[in-house]
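Contents: one structure, followed by commentary.
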Amino acid sequence: MKCCVTDLTCKEVICKVDGRRLGHVCDVDVDTCTGHVVALIIHGKSRCFGLLGRDDDTRICWDEIDVIGDDTILVNRRPERPPGRKKKKAFWDSFIR
């Protein structure tokens, strides 16, 4: 199947492992020496309507791509673990002890 870069950017990327929607392809990483596609880049999610920036972009290697369909791209990617957050103490907890 032949596909243009503009066709790839219209497709939605979905993880087969957990069914998460990763987003739409925003960029393609190409090896200029060989002319092969190395990875697909997906924009990070925006925070607070983009006022607080956005998360880091997701890079999906070509080896992780399982199927490129008409509307979607299915990838085999293990879910990323979010960094652990410390639980904040409530204001009144300092008065109880």
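In the numbering used here, the protein residues as written are 1222 to 1318.
Glycine included, C-beta positions come from ideal geometry on N, C-alpha and C.
{"Query": "For L1261, the three-state DSSP class (helix, strand or coil)", "Result": "strand"}
{"Query": "8 Å Cβ cutoff met for K1223 and D1287", "Result": "no"}
{"Query": "CA-to-CA distance, H1264 to D1291, given in whole angstroms", "Result": "21 Å"}
{"Query": "Backbone secondary structure at D1273 - three-state DSSP", "Result": "This sequence places Leu at residue 1273; Asp is not what is there. L1273: coil per DSSP, three-state reduction."}
{"Query": "Boundaries (first-last residue) of the beta strand (DSSP E) holding T1253", "Result": "T1253 -> no beta strand (DSSP E), and no H or E assigned at all."}
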